[in-house]
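Okay, so here's the structure we're looking at.
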Amino acid sequence: MEKSKVYFTDFHATGHENLLQKLHRLMKQAGFENIDFSDKYTAIKIHFGEYGNLAFLRPNYAKVVADYVKELGGKPYLTDCNTLYVGSRKNALDHLDTAYVNGFSPFQTGCHVLIADGLKGTDETIVPINGEYVKEAKIGHAIMDADIFISLSHFKGHEMTGFGGAIKNIGMGCGSRAGKMEQHCDGKPHVIQEACVGCGACTKICAHGAPVVANGKATIDQDKCVGCGRCLAVCPKDTIQANFDDSVAKLNYRMAEYALAVCKDRPCFHVSLICDVSPNCDCHAENDIPIVPNIGMLASFDPVALDMACADMVNAADIVPHSQLDKHVHDEKLAHEHGDHFHMNHPDTDWKTCIAHAKKIGLGTDEYELVRI
51 MEKSKVYFTD FHATGHENLL QKLHRLMKQA GFENIDFSDK YTAIKIHFGE
101 YGNLAFLRPN YAKVVADYVK ELGGKPYLTD CNTLYVGSRK NALDHLDTAY
151 VNGFSPFQTG CHVLIADGLK GTDETIVPIN GEYVKEAKIG HAIMDADIFI
201 SLSHFKGHEM TGFGGAIKNI GMGCGSRAGK MEQHCDGKPH VIQEACVGCG
251 ACTKICAHGA PVVANGKATI DQDKCVGCGR CLAVCPKDTI QANFDDSVAK
301 LNYRMAEYAL AVCKDRPCFH VSLICDVSPN CDCHAENDIP IVPNIGMLAS
351 FDPVALDMAC ADMVNAADIV PHSQLDKHVH DEKLAHEHGD HFHMNHPDTD
401 WKTCIAHAKK IGLGTDEYEL VRI
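In terms of my numbering, the sequence shown opens at residue 51 and continues consecutively.
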């Protein structure tokens with residue numbers, strides 16, 4: 051496979067061109083206008099940020115992408131799927147509230163927000179891919195309904211996958227609640243007994259009779275459970291949680307296969323910004339100081355090459371003093387990890403397994419030509 055082109059520009063601005071104009075120019079140089087947007091529904095996949103987190107991408111960047119799509123005749127909308135964990139984006143109503151609080155309203159971005167997997171995370175499209183780890187991906191319905199797919203990613207560290215870039219934004223981000231459970235684990239939730247009030251909401255939503263309430267507490271029959279995740283959405287006390295017990299490699303393999311399910315058979319384009327590189331995901335309700343300085347904006351038709359280029363740039367960057375990564379640098383037990391900022395930041399992760407598997411299944415290539423503009 052020949053090298054993919056990844057276009058890059060730094061965050062320096064002038065009186066003649068601000069960062070928003072620079073992002074537009076980057077996308078144009080990368081071939082954005084080669085896509086036929088005429089009357090096409092265009093999903094712009096973005097992370098709206100958990101309430102309390104301030105490291106997520108500013109909505110101004112989303113407006114640049116949405117306005118560019120409209121300029122070319124398309125019909126853009128910002129989208130994401132509900133979360134598997136308990137937080138401010140667990141259902142569509144809370145998710146929309148959080149998106150608007152964080153600045154992603156139609157008045158600020160120029161387009162509407164659609165929560166792709168519906169009110170409770172159950173609106174999904176089953177996408178057959180017959181992968182090594184995933185046979186049928188469960189993707190948010192409003193994402194699969196789009197004619198064109200664009201990922202707009204905040205590149206940062208991640209406590210389970212090493213980093214969160216384009217592939218994670220696409221694969222994990224576009225999975226419905228059941229899809230997220232399939233990627234994270236074997237899809238078997240459990241009940242925190244001491245917090246359960248025995249209301250029976252989980253028993254009413256389950257089509258398979260897996261949850262049972264006895265003696266005022268619910269339990270879930272693991273043999274009957276199919277891992278749909280619906281019980282997580284309806285529990286009023288948030289006492290049902292997923293079991294994150296699979297290896298990080300399997301998580302990365304499944305995530306890559308989910309990304310392939312989202313991207314295959316339609317035009318796609320990918321943008322990543324390396325700024326406010328927090329050590330953890332934007333799903334956290336807080337963010338620590340960045341682990342490296344702001345680097346720049348990148349765009350490509352290849353999400354694998356894009357992630358690889360971002361990873362290389364972050365690994366080559368100076369470490370921010372007093373950051374979480376800087377503390378790990380001075381940990382003698384992690385001395386052998388020098389040169390891999392992500393693995394040093396989260397020693398139990400292995401981001402390279404995702405890149406390797408994504409390349410193997412044909413999502414893209416890790417060989418890239420960096421075009422600086």
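Ideal placement from N, C-alpha and C gives every residue a C-beta, glycine not left out.
Residue i, DSSP secondary structure in three states
i: residue 224; result: helix
i: residue 91; result: strand
i: residue 76; result: helix
i: residue 135; result: coil
i: residue 305; result: helix
i: residue 427; result: The chain is shown from 51 up to 423; residue 427 falls before or after that span and cannot be answered.
i: residue 261; result: strand
i: residue 419; result: strand
i: residue 218; result: helix
i: residue 255; result: helix
i: residue 334; result: coil
i: residue 413; result: coil
i: residue 169; result: coil
i: residue 298; result: helix
i: residue 157; result: helix
i: residue 193; result: helix
i: residue 247; result: coil
i: residue 242; result: coil
i: residue 405; result: helix
i: residue 314; result: coil
Spatial distance of residue i from residue j (CA atoms)
i: residue 369; j: residue 330; result: 15 angstroms
i: residue 281; j: residue 257; result: 10 angstroms
i: residue 199; j: residue 167; result: 16 angstroms
i: residue 293; j: residue 171; result: 18 angstroms
i: residue 365; j: residue 247; result: 48 angstroms
i: residue 371; j: residue 342; result: 9 angstroms
i: residue 309; j: residue 413; result: 8 angstroms
i: residue 72; j: residue 160; result: 19 angstroms
i: residue 391; j: residue 262; result: 45 angstroms
i: residue 108; j: residue 90; result: 25 angstroms
i: residue 326; j: residue 185; result: 36 angstroms
i: residue 129; j: residue 100; result: 14 angstroms
i: residue 150; j: residue 51; result: 42 angstroms
i: residue 304; j: residue 64; result: 43 angstroms
i: residue 321; j: residue 70; result: 13 angstroms
i: residue 239; j: residue 306; result: 23 angstroms
i: residue 421; j: residue 57; result: 5 angstroms
i: residue 378; j: residue 249; result: 45 angstroms
i: residue 94; j: residue 266; result: 44 angstroms
i: residue 119; j: residue 88; result: 9 angstroms
i: residue 203; j: residue 216; result: 6 angstroms
i: residue 270; j: residue 260; result: 5 angstroms
i: residue 302; j: residue 66; result: 42 angstroms
i: residue 314; j: residue 148; result: 30 angstroms
i: residue 145; j: residue 223; result: 13 angstroms
i: residue 9; j: residue 229; result: One cannot answer for residue 9 here, as it falls past the ends of the chain, which runs 51 to 423.
i: residue 124; j: residue 92; result: 7 angstroms
Residues that DSSP places opposite residue i in a beta bridge
i: residue 163; result: 128
i: residue 187; result: 177
i: residue 67; result: 64
i: residue 213; result: 207
i: residue 347; result: 59 and 323
i: residue 268; result: 263
i: residue 96; result: Residue 96 is not bridged to any residue.
i: residue 201; result: 95 and 320
i: residue 291; result: 240
Bounding residues of the beta strand (DSSP E) (the contiguous stretch that carries residue i)
i: residue 321; result: 318-324
i: residue 55; result: 54-60
N- and C-terminal bounds of the alpha helix (DSSP H) containing residue i
i: residue 276; result: Segment: none, residue 276 is in no alpha helix (DSSP H) and carries neither H nor E.
i: residue 5; result: For residue 5 there is no data in the structure shown, the boundaries of the chain being 51 and 423.
i: residue 105; result: From DSSP, residue 105 is part of no alpha helix (DSSP H); its letter is neither H nor E.
i: residue 143; result: 142-151
Let me know the alpha helix (DSSP H) ranges lying completely inside the region 356-402, each 4 residues or longer, listed in chain order.
-> The region 356-402 contains these whole alpha helix (DSSP H) runs: 374-379 and 391-395.
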